[in-house]
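Asks:
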Amino acid sequence: MTSKPSTSAKRDAISVAQEVLHKEAAALTAMANDLPADFEMAVDLILKAKGRVVISGVGKSGHIGRKIAATLASTGTPSYFVHGAEASHGDLGMVTQEDVCILISNSGETAELRDITLYTRRFNIPLIAISSNPNSVLMEAADCMLTLPKIPEVCSIGKAPTTSTTLTLALGDALSVAVMEQRGFSADDFQTFHPGGKLGSQMSKVAQLMHDKKSLPIVSENDDMSEVLLTMTSKGFGVALVVVNGALKGLISDGDLRRNMGDLMGKTAGEIASSDPVTITPDSLAVQALAILNERKIGALAVTDESGAPVGIIHIHDLLRAGVA
322 MTSKPSTSAK
332 RDAISVAQEV
342 LHKEAAALTA
352 MANDLPADFE
362 MAVDLILKAK
372 GRVVISGVGK
382 SGHIGRKIAA
392 TLASTGTPSY
402 FVHGAEASHG
412 DLGMVTQEDV
422 CILISNSGET
432 AELRDITLYT
442 RRFNIPLIAI
452 SSNPNSVLME
462 AADCMLTLPK
472 IPEVCSIGKA
482 PTTSTTLTLA
492 LGDALSVAVM
502 EQRGFSADDF
512 QTFHPGGKLG
522 SQMSKVAQLM
532 HDKKSLPIVS
542 ENDDMSEVLL
552 TMTSKGFGVA
562 LVVVNGALKG
572 LISDGDLRRN
582 MGDLMGKTAG
592 EIASSDPVTI
602 TPDSLAVQAL
612 AILNERKIGA
622 LAVTDESGAP
632 VGIIHIHDLL
642 RAGVA
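All residue numbers for the sequence shown refer to the working numbering, where the first residue is 322 and numbers rise by one.
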């Protein structure tokens with residue numbers, strides 16, 4: 322049974338939390354002001370790799386390694402995690418001579434990383450080591466050393482991995498983002514790797530969600546309103562697009578119908594339509610379409626190409642179904 326600390330030894334939880342965060346923030350600042358000397362070399366090794374980035378570690382370093390691998394993979398650098406102990410029992414077969422390895426050990430003396438370290442040396446696989454001990458076995462074997470600042474752990478007994486894992490995680494983020502930018506990884510690339518969930522939905526383009534030309538409620542400017550109403554009803558978007566010589570010249574909405582209710586049936590589409598309607602392009606982000614719809618308090622938005630010709634229509638319900646809203 323775990324013993325409880327005496328009342329005199331207890332500290333206010335808020336004070337403890339603030340102290341931890343301040344100390345870890347200071348540790349990150351220290352590393353930012355004095356990045357590991359081999360950081361640029363590590364970026365270069367990753368960029369030149371023809372294979373994947375293989376990350377390994379044990380314990381808390383392993384947990385951090387998995388996250389770094391996931392971040393690299395989602396930002397354009399193929400990467401995966403191999404547990405140090407499992408590597409010694411067959412998983413070394415996952416590592417090829419086209420890869421680059423990142424091994425993580427705060428002490429640099431983790432026994433479970435011995436076999437994978439020797440494997441990289443035997444087959445001349447580039448090795449990047451992350452450790453706070455530059456004189457360790459791991460660091461001395463590495464081609465590229467990312468040395469963490471030697472800063473005490475923030476836990477009350479100074480043993481639990483806290484500051485060291487925070488530094489490693491942040492260094493992994495810095496490495497991932499630096500590589501990402503060097504690759505020219507774009508928002509389009511990001512959406513490709515994140516098709517699911519909220520991020521994927523918000524990165525969708527209008528062209529992916531819009532209804533195409535055959536669904537458009539198109540009318541001409543001389544059409545009687547009886548014809549316009551039939552078109553609006555059959556297409557179901559609550560609007561009609563007035564097109565002249567292939568270009569969008571106006572839009573008729575439910576609001577336009579209500580404003581002209583007195584003599585509606587005696588007018589033509591061109592007389593009722595609002596001129597210069599708001600539009601969006603197919604390559605715009607879906608969230609931009611949502612912003613326009615919300616700002617203008619409208620339900621549908623015409624999608625036009627560079628010449629002003631209507632190529633689609635997007636409705637608020639399309640965005641809701643896709644999870645953009």
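Yeah, the Cβ is synthetic: ideal placement off N, Cα and C, and Gly gets one too.
Just to confirm, is the Cβ distance from I593 to V564 under 8 Å?
Replies: No, the Cβ-Cβ distance between I593 and V564 is not below 8 Å.
Asks: Which residue from E461, N543 and A348 puts its Cα closest to that of K570?
Replies: Ranking the options by Cα distance to K570, first place goes to N543.
Asks: I'd like to know whether the C-beta atoms of I451 and V527 end up nearer to each other than 8 Å.
Replies: Against a cut-off of 8 Å, the Cβ pair of V527 and I451 comes out as no contact.
Asks: Would you decide whether A621 is buried or exposed? Buried here means 16 or more other CB atoms lie within 10 Å of its CB.
Replies: Flag for A621 reads buried.
Asks: Please classify C476: is it buried, with 16 or more other beta-carbons within 10 angstroms of its beta-carbon, or exposed?
Replies: By the neighbour-count rule (16 or more Cβ atoms within 10 Å), C476 is not buried but exposed.
Asks: In this structure, how does DSSP classify S329 when only helix, strand and coil are distinguished?
Replies: With a pLDDT of 47 at S329, under the threshold of 50, the predicted position of this residue should be treated as unreliable, and no value is reported.
Asks: For I367 and D604, what's the separation of their Cα atoms in angstroms?
Replies: Distance between the alpha carbons of I367 and D604 is about 32 Å.
Asks: Please confirm if the segment 337-346 is in contact with the segment 384-401, defined as three or more CB-CB distances below 8 Å between the two stretches.
Replies: No contact exists between the segment 337-346 and the segment 384-401.
Asks: Specify the secondary structure class of V563 as computed by DSSP and reduced to three states.
Replies: Strand.
Asks: Under DSSP, the alpha helix (DSSP H) around A621 begins and ends at which residues?
Replies: First-last for A621: A621 to T625, but that is the beta strand (DSSP E), not the alpha helix (DSSP H).
Asks: For the beta strand (DSSP E) that contains G571, what are its first and last residues?
Replies: Residues A568 to S574.
Asks: Which runs of the alpha helix (DSSP H) at least 4 residues long sit entirely within the segment 383-435? Give them in chain order.
Replies: You should have 405-408.
Asks: Where I437 and A338 are concerned, what is the direct C-alpha to C-alpha distance, given to the nearest angstrom?
Replies: Rounded to the nearest angstrom, the two C-alpha atoms are 37 Å apart.
Asks: At the level of alpha carbons, what is the spacing between L490 and L614?
Replies: Going by the C-alpha atoms only, they are around 40 Å apart.
Asks: Taking C-alpha atoms, which residue in A481, M531 and T468 lies nearest to L641?
Replies: If we check each option's Cα against that of L641, M531 comes out closest.
Asks: Would you kindly work out how many angstroms separate the C-alpha atoms of S541 and T589, rounded to a whole number?
Replies: Their backbone Cα atoms lie some 9 Å apart in a straight line.
Asks: When you compare the CB positions of V645 and I635, do they come within less than 8 Å of one another, or not?
Replies: Result no, Cβ atoms of V645 and I635 do not sit closer than 8 Å.
Asks: Can you check DSSP and say which residues form a bridge with V540?
Replies: Answer is V563.
Asks: Return yes when the Cβ of L492 is within less than 8 Å of the Cβ of V364, no when it is not.
Replies: Against a cut-off of 8 Å, the Cβ pair of L492 and V364 comes out as no contact.
Asks: Return the chain-ordered list of same chain residues with a C-beta closer than 8 Å to the C-beta of G567, the five sequence neighbours on each side being excluded.
Replies: Answer for G567: S628 and A630, listed in chain order.
Asks: When you compare the CB positions of I425 and G386, do they come within less than 8 Å of one another, or not?
Replies: Their beta carbons are under 8 Å apart, which means I425 touches G386 by this criterion.
Asks: Name the one or two DSSP bridge partners that K471 has.
Replies: The partner list for K471 (beta bridge, DSSP) is empty, contrary to what the question assumes.
Asks: How many Å lie between G479 and L488 at the Cα?
Replies: If you take the alpha carbons of G479 and L488, they lie about 15 Å apart.
Asks: Give the secondary structure of G633 by DSSP, where H, G and I count as helix, E and B as strand, and everything else as coil.
Replies: G633 falls in the strand class under three-state DSSP.
Asks: Using DSSP bridges, identify the partner residues of A450.
Replies: In the DSSP output, where bridge partners are listed per residue, A450 has L424 and M466.
Asks: According to DSSP, simplified to helix, strand and coil, what is S336?
Replies: Residue state, collapsed to three classes: helix.
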